[in-house]
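Colleague:
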Amino acid sequence: MNTQALIDIAKALVADGKGLLAMDESASTCRKRFVEQGIEDTEAMRRAYRELLITTPQLAESVSGLILFDETVHQAKLDGTSFMDVIREAGLIPGIKVDLGAKPLAGHPGETVTEGLDGLRKRLEDYFKLGARFAKWRGVINIGDGLPTDGAIGVNAHALARYAALCQEVGLVPIVEPEVLMDGNHSLARCAEVTERVLRAVFAELDRQGVVLEGMLLKPNMVTSGADAAEQASIKQVADATLAVLLRTVPAAVPGIAFLSGGQSAEVASAHLNDMHQGQALPWAVTFSYGRALQQPALSAWNGVPGNVEAGQKELMHRAVCNRAAALGTYNEGMERP
Ligand code: 13P
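The sequence shown begins at 76 in our numbering and counts up by one.
1) Hey, quick one: how far does the alpha helix (DSSP H) through L369 stretch, first residue to last?
2) Give me the Cβ distance between D99 and I142, rounded to the nearest whole Å; I'm assuming they're in contact under 8 angstroms.
3) Is any heavy atom of ligand 1 found at a distance shorter than 7 angstroms from the C-beta of S375?
4) Quick check on DSSP: helix, strand or coil for T324?
5) So the beta strand (DSSP E) A178 belongs to, where does it begin and stop?
6) Please work out which residues of its chain come closer than 7 angstroms, Cβ to Cβ, to R122, disregarding the five sequence neighbours upstream and downstream, and give them in chain order.
7) Please list, following the chain, all residues that have a C-beta closer than 5 angstroms to any non-hydrogen atom of ligand 1.
8) Please say whether I129 and F158 have beta carbons closer to each other than 8 angstroms?
9) Identify every run of the alpha helix (DSSP H) within the stretch 126 to 177, keeping only runs that are complete inside it and at least 4 residues long; order them along the chain.
10) If you follow the alpha helix (DSSP H) that E271 is in, where does it begin and where does it stop?
11) Run the CB neighbour count on S345, radius 10 Å, all protein chains shown included, and call it buried at 16 or more, exposed below.
12) With distances taken between CB atoms, is the gap from Q243 to V287 smaller than 8 angstroms?
13) To the nearest angstrom, how far is the alpha carbon of L293 from that of G379?
14) CA-CA distance, A402 and E190?
15) Rounded to a whole number of angstroms, what is the C-alpha to C-alpha distance between S137 and R399?
16) Within 8 angstroms, do at least three Cβ pairs link the stretch 255 to 273 to the stretch 166 to 184?
17) Between the stretch 293 to 302 and the stretch 312 to 327, can you find at least three pairs of beta-carbon atoms closer than 8 angstroms?
18) So what does DSSP say about L357, is it helix, strand or coil?
19) Looking only at its chain, what residues have a beta carbon closer than 7 angstroms to the beta carbon of R208, apart from the 5 residues adjacent to it on each side?
20) In the DSSP assignment, find the unbroken alpha helix (DSSP H) run with I82 in it and report its ends.
21) Can you find the residues in the same chain that come closer than 6 angstroms, C-beta to C-beta, to R125, ignoring five residues on each side of it along the sequence?
22) If you reduce the DSSP assignment to three classes, tell me which class I218 lands in.
23) Where Y406 and M351 are concerned, what is the direct C-alpha to C-alpha distance, given to the nearest angstrom?
24) Mark V110 as exposed unless 16 or more other C-beta atoms lie within 10 angstroms of its C-beta, in which case mark it buried.
25) What would DSSP say about R213, mapped onto helix, strand or coil?
26) On the criterion of 16 or more Cβ atoms from any shown chain inside 10 Å, does K211 qualify as buried, or is it exposed?
27) On a Cα-Cα basis, can you pick out the residue from W359, K197 and V329 that is closest to Y238?
28) Exposed or buried, what is R323 when buried is set at 16 or more other beta-carbons lying within 10 Å of its beta-carbon?
29) At what residues does the alpha helix (DSSP H) containing I228 begin and finish?
30) For M76, count neighbouring Cβ atoms within 10 angstroms of its own Cβ and tell me buried if that reaches 16, exposed if not.
The following block contains the structure:
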């Protein structure tokens with residue numbers, strides 16, 4: 076294992092307020108997003124949309140790396156240039172989602188375990204050869220009546236740690252993503268309690284599996300009220316609760332924390348991140364690794380119409396600029412156009 080190379084990549088991914096564009100929707104998730112938008116779901120449309128994203132001019136000024144899905148890694152621009160070449164030439168670091176999705180966990184109604192460990196070493200080696208320099212694996216935790224169970228937290232933490240150790244062996248920086256879902260009507264305090272429990276379990280497993288903390292990144296949920304909760308926490312309450320949990324659970328050796336957006340609107344996700352940078356100095360870089368909160372306005376503006384590519388790219392760039400400002404603590408509502 077070349078530890079220094081891992082550390083250098085991990086640091087580069089979170090340097091200067093830059094963050095990650097998560098564009099690793101699986102074929103089924105991409106279908107869902109396209110259908111919501113009334114866009115035809117074909118391989119050609121997915122390719123066209125991903126070409127729009129990766130060819131956005133100046134994206135590398137605000138974004139350090141892209142998280143891709145397997146299909147995208149093998150695609151090319153209409154002129155034949157491979158997407159991986161386009162990404163590298165733009166100065167962006169390519170990464171890859173390597174989990175095979177959350178599947179129902181036996182004996183645990185309402186809970187899942189993320190699969191994909193079998194044969195993972197070989198898949199990681201292949202992605203490294205294709206040019207990927209980091210990877211992502213998402214474990215999913217549900218809050219509900221009596222949920223999450225220790226059983227579900229344990230298996231997901233274990234899988235995340237085994238994935239992370241394999242990544243580092245191969246030379247890929249693991250992004251460790253334990254997502255406590257926003258779904259439900261739980262309170263902010265309940266989300267804080269569950270997120271803390273999950274992160275404690277994850278870091279205990281990472282330690283057991285010998286994962287080098289300096290050569291990984293954490294991609295957590297923010298601590299928020301449940302999406303259906305009658306009382307919604309304020310921007311400041313979310314930022315404070317999130318930092319309180321992270322400061323208790325994430326070792327300072329971890330170079331960066333890059334949040335998922337998890338269903339927050341684009342503007343709210345920027346405001347939350349910005350508010351985390353208004354007070355105390357933090358031991359890690361704190362930035363974004365958003366999917367929907369970066370892409371949704373771009374997807375709507377494009378809407379599957381070839382003539383709208385530039386409009387879509389403008390929307391993506393706007394969100395990228397806003398989120399880099401948020402990661403530097405200089406975002407304000409005035410940056411949002413009327
Ligand atoms: P969202 O920001 O849309 O939650 O997506 C991030 C991600 O990578 C989920 O795995």
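We put the beta carbon where it would ideally sit given N, CA and C, even for glycine.
The structure displayed is predicted, hence computed values, not measured ones.
Modeller: Quick look at the numbers:
1) In the DSSP assignment, L369 falls within the alpha helix (DSSP H) that extends over R367 to W377.
2) Indeed they touch by this definition, with Cβ atoms about 4 angstroms apart.
3) In terms of side-chain proximity, the C-beta atom of S375 is found no nearer than 7 angstroms to any non-hydrogen atom of ligand 1.
4) Here T324 sits in helix by DSSP.
5) The sequence shown places Lys at residue 178, rather than the Ala named in the question. Boundaries of the beta strand (DSSP E) around K178: A177 to P179.
6) Within the same chain, R122 has close Cβ partners Q150.
7) Listed by chain position, these are A97, R213, L335, S336, G337, Y365, G366 and R367.
8) Taking 8 angstroms as the Cβ cut-off, F158 and I129 qualify as a contacting pair.
9) If we require 4 residues or more, the alpha helix (DSSP H) runs fully inside the stretch 126 to 177 come out as 145 to 148 and 158 to 164.
10) Here the alpha helix (DSSP H) through E271 covers L263 to R283.
11) Taking a 10 Å sphere around the C-beta of S345, we find 16 or more other C-beta atoms and assign the residue as buried.
12) Against a cut-off of 8 angstroms, the Cβ pair of V287 and Q243 comes out as a contact.
13) Between L293 and G379, the C-alpha separation is close to 33 angstroms.
14) Their Cα atoms are separated by approximately 32 angstroms.
15) Distance between the alpha carbons of S137 and R399: 6 angstroms.
16) Cβ pair count under 8 angstroms is below three, so no.
17) Taking 8 angstroms as the limit for Cβ pairs, the verdict is that the stretch 293 to 302 does touch the stretch 312 to 327.
18) Looking at L357 - three-state DSSP - the assignment turns out to be coil, as it is neither helix nor strand.
19) Taken in chain order, the residues that qualify are I84, I168, P169, G170, L247 and V248.
20) That run of the alpha helix (DSSP H) goes T78 to L88.
21) Non-local beta-carbon contacts of R125 in its own chain, meaning distances under 6 angstroms to residues more than five positions away in sequence, involve T147 in chain order.
22) Coil, per DSSP.
23) CA-CA distance, Y406 to M351, rounds to 11 angstroms.
24) Around the CB of V110, fewer than 16 other CB atoms lie within 10 Å, so the residue is classed as exposed.
25) DSSP places R213 in strand when its eight states are reduced to three.
26) It is buried - the Cβ of K211 has at least 16 other Cβ atoms within 10 Å.
27) Closest option to Y238, Cα to Cα, is K197.
28) Counting Cβ neighbours within 10 Å, R323 comes out exposed, since fewer than 16 surround it.
29) Segment D225 to V245, the alpha helix (DSSP H) holding I228.
30) Exposed, by the Cβ-count rule.
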